[in-house]
Amino acid sequence: MVEKLFGTVTGKRLAILGFAFKADTNDTREAPAIRICRNLLEEGAQLAIHDPKVAAQQIARDLQQEQAPKAEALSGTGSWLESCSVEDAVIGADAVLVLTEWKEYRTLNWMALAALMRKPAWAFDARAITDHAQVRAAGLTLWCVGMERVDGADGTCHWRSRFHWRSVVDGLLQRGIVWSVSTT
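Per our numbering, the sequence shown starts with residue 268, numbered consecutively.
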């Protein structure tokens, strides 16, 4: 992600959507968002974090860093602020990172969100839940985990898995997780 954002996230405002380890819980134990956010803070990013159920106190404990005071939040580097809504998190953001598969994140109005962001704007979907066509139509550049963009000769584009199912099955066979596969 750092490479995509001009080689640095220092001073970049990033909207973090989701902090819990999965949807419908406030449990953050071993949540990927913790490591991702800590690394981004160490790199000097300014994070606006939204999660429907995780409290700011829990985020502060997990990040081992207090929330920046509202007046100073997101004005320096390496700071974070809890956002009460997705829209608040996205205002002035350089990128949106979807880190938890909350139902409400599946149906975001990307056109409205893009209008609130700085340009050029990015969306990083770590849960593969966004509507790719809507994100692109809103003018955002999209990166989606496990997917790659394929541009057609006729100017269209679509997304396909970066993983060929056969290589996944071969890996499972080698590890003894599955013993045989029928392709009929």
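Backbone N, C-alpha and C fix where the C-beta goes; we use that ideal spot for every residue, glycine too.
Computed from a predicted structure; not experimentally measured.
Candidates the options: closest to residue i by CA position
{"i": "Ala290", "options": "Ser350, Gln401, Thr408, Ile396", "result": "Ile396"}
{"i": "Glu371", "options": "Asp355, Gly359, Asp318", "result": "Asp318"}
{"i": "Ile301", "options": "Lys320, Gln325, Arg403, Gly278", "result": "Gln325"}
{"i": "Thr277", "options": "Ala312, Ile303, Gln332, Thr292", "result": "Ala312"}
{"i": "Gly345", "options": "Leu409, Arg296, Glu309", "result": "Glu309"}
{"i": "Leu307", "options": "Glu368, Leu364, Leu409", "result": "Leu364"}
{"i": "Thr477", "options": "Cys351, Val321, Arg403", "result": "There is no way to answer for residue 477, as the model of the chain reaches only from 268 to 451."}
{"i": "Gln332", "options": "Val357, Ala356, Cys304", "result": "Cys304"}
{"i": "Asn293", "options": "Ala356, Glu368, Asp355", "result": "Glu368"}
For residue j and residue i, believed in contact at Cβ under 8 Å, the rounded distance
{"i": "Leu366", "j": "Ala390", "result": "Their Cβ separation, rounded to whole angstroms, is 12 Å, which puts Leu366 and Ala390 out of contact at 8 Å."}
{"i": "Leu330", "j": "Leu281", "result": "Going by Cβ atoms, the distance from Leu330 to Leu281 rounds to 13 Å, so no, they are not a contact pair."}
{"i": "Arg385", "j": "Asp361", "result": "5 Å"}
{"i": "Asp398", "j": "Val412", "result": "With a Cβ gap of about 15 Å, Asp398 and Val412 do not count as contacting."}
{"i": "Phe288", "j": "Glu297", "result": "6 Å"}
Residues near residue i in its chain [Cβ-Cβ closer than 7 Å; skip 5 each side]
{"i": "Leu334", "result": "Sequence inspection shows Gln at residue 334; the Leu mentioned does not correspond to that position. Within the same chain, Gln334 has close Cβ partners Ala323, Ala327, Trp347, Leu348, Glu349."}
{"i": "Ala382", "result": "none"}
{"i": "Pro387", "result": "Thr408"}
{"i": "Gln401", "result": "Trp377"}
{"i": "Val357", "result": "Ala282, Val363, Leu380, Leu383, Met384"}
Cross-strand partners of residue i (DSSP beta bridge)
{"i": "Asp392", "result": "Val365, Cys411"}
{"i": "His317", "result": "Leu284"}
{"i": "Glu310", "result": "Answer is none; Glu310 lacks a bridge partner."}
{"i": "Glu297", "result": "In the DSSP output, where bridge partners are listed per residue, Glu297 has none listed."}
{"i": "Leu348", "result": "Ala315"}
Nonlocal neighbours in the same chain, by C-beta distance under 6 Å from residue i, ignoring five residues either side
{"i": "Met378", "result": "Ala405"}
Secondary structure of residue i, DSSP reduced to three states
{"i": "Ile303", "result": "helix"}
{"i": "Leu330", "result": "helix"}
{"i": "Glu354", "result": "helix"}
{"i": "Leu375", "result": "coil"}
{"i": "Ser447", "result": "Confidence in Ser447 is poor, its pLDDT being 44 and thus under 50, which makes the residue's placement too unreliable to answer from."}
{"i": "Ala400", "result": "helix"}
{"i": "Ala323", "result": "helix"}
Cutoff 8 Å; reference residue i; Cβ partners in own chain excluding five residues on either side
{"i": "Val353", "result": "Ala282, Leu284, His317, Glu371, Tyr372, Leu375, Leu380"}
Residue i beta carbon near the ligand ADP (any heavy atom closer than 6 Å)
{"i": "Leu366", "result": "With respect to small molecules bound, the structure shown includes none, and the ligand ADP cannot be examined in it."}
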